[in-house]
Amino acid sequence: MPGESIAEYGIAFFAVAGLVYLFAQMINLWTKKRDKTEIMTTVDAVTKVIKNNTEALNRLENMIEVTLTRQETKLDELVAYARRDKSL
């Protein structure tokens with residue numbers, strides 16, 4: 021299904037974008053001197069990004085698993101159909 025592959029790419033894109041954001045925030049945190057409130061807001065934002073990425077990757081994993089299961093079922097059906105045709 022084309023919609024499933026587009027969704028998989030979309031989820032993967034947002035997961036990678038979140039990782040880039042996380043990396044940029046960590047570099048920004050290390051390079052600048054900030055007060056504690058700014059550091060805490062950055063840490064909170066990074067924590068949210070990590071949670072969202074974890075959820076997105078879990079969804080992507082589930083989508084891939086479902087897609088592979090469907091493909092495996094279709095292949096089994098095709099093999100069974102081909103065996104029936106050979107026996108006729």
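Start counting the sequence shown at 21; every next residue gets the next number (my numbering). C-beta atoms are modelled at their ideal positions from N, C-alpha and C, and glycine is treated no differently. Keep in mind it's a predicted model, so treat the numbers as computed, not measured.
- The C-beta of isoleucine 47 has fewer than 16 other C-beta atoms within 10 Å across all chains shown, which makes the residue exposed.
- Scanning its chain for C-beta atoms nearer than 6 Å, with the 5 sequence neighbours on each side dropped, one finds around leucine 49 the residues Thr62, in chain order.
- A distance below 8 Å between beta-carbons, with the five flanking residues on each side excluded, links glutamate 85 to no residue of its chain.
- Lysine 106 sits in a helix when the DSSP states are folded into three classes.
- By the neighbour-count criterion, in which a residue is buried when 16 or more other Cβ atoms sit within 10 angstroms of its Cβ, glycine 30 is exposed.
- When rounded, the separation of the alpha-carbon atoms in phenylalanine 43 and valine 69 is 11 Å.
- Contact check for alanine 65 and alanine 35: beta-carbon distance about 16 Å, past the 8 Å limit, so the pair fails to qualify.
- Rounded to the nearest angstrom, the gap between the Cα atoms of alanine 37 and threonine 57 is 25 Å.
- Alanine 32 sits away from leucine 98, with the two beta carbons spaced by 7 Å or more.
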